[in-house]
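Take a look at the structure below.
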Amino acid sequence: MGILYIVPTPIGNLQDITLRAIDVLKSVDLIACEDTRITGGLLHHLGIKKEMTVLTDNNEETKIYEILNQIAENLNVALVSDSGTPLISDPGFKLIRAVVKKGYKVIPLPGANAVTTALCAS
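Going by numbering that gives the first Met the number 0, the sequence shown opens with residue 0, and the numbers climb by one from there.
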């Protein structure tokens with residue numbers, strides 16, 4: 000079985016990505032993202048070339064099936080959002096639930112999220 004990684008991305012400053020997040024993005028077989036233009040820009044900045052698939056509220060049901068099949072085929076997938084930690088205010092909850100229900104491994108990475116940033120500034 001493959002693994003689904005939940006990978007936080009920078010909020011506003013591309014240098015805020017963690018070394019572990021970079022390592023995971025380099026190592027996975029597929030990156031599920033909200034917008035290939037935004038994620039593609041981040042990957043270009045990091046010098047990473049990876050296959051991406053778009054996961055939105057409009058296509059989530061179809062993409063969940065595809066991603067589950069890829070994980071079953073021993074492929075590793077990273078779930079990213081346009082900025083910050085996935086699942087805070089973007090698609091992905093149903094994917095995580097389906098992966099967990101299948102008994103596949105989910106590894107969340109620590110990193111940037113808007114909630115922590117806002118709390119620190121208040």
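Don't be surprised by glycine CBs; every beta carbon is placed ideally from N, CA and C. All values derive from a computational prediction rather than experimental measurement.
Asked: Specify, as a first and last residue, the run of the beta strand (DSSP E) that Val105 falls within.; Found: 104–107
Asked: Closer than 6 Å by C-beta to Thr55: which residues in its own chain qualify, once you throw out the five before and the five after it? Chain order, please.; Found: Pro90
Asked: Are the beta-carbon atoms of Tyr4 and Ile106 separated by less than 8 Å?; Found: yes
Asked: I think Leu78 touches Val6, with their Cβ atoms under 8 Å apart; what is that distance to the nearest whole Å?; Found: 7 Å
Asked: With DSSP run on the structure shown, which of helix, strand or coil describes Ile70?; Found: helix
Asked: Would the stretch 28–48 and the stretch 103–121 be scored as touching if the rule is three or more Cβ pairs under 8 Å?; Found: no
Asked: Relative to the C-alpha of Lys100, which candidate in Ile63, Gly110, Cys119 has its C-alpha closest?; Found: Ile63
Asked: Considering only their Cβ atoms, is the gap separating Gly46 from Thr84 smaller than 8 Å?; Found: no
Asked: Pop quiz: Gly8 and Ser80 are said to be a contact at Cβ under 8 Å. What is the actual Cβ separation, rounded to whole angstroms?; Found: Just to set this straight, residue 8 is Thr in the shown sequence, not Gly. 6 Å between Cβ atoms; contact.
Asked: Ordered along the chain, which non-local residues of its own chain (more than five positions away) have a Cβ less than 8 Å from that of Lys133?; Found: With the chain running from 0 to 121 in the structure shown, residue 133 is simply not present.
Asked: Starting from Ile16, trace the beta strand (DSSP E) in both directions and tell me its first and last residue.; Found: Here Ile16 belongs to no beta strand (DSSP E), and DSSP marks it neither H nor E.
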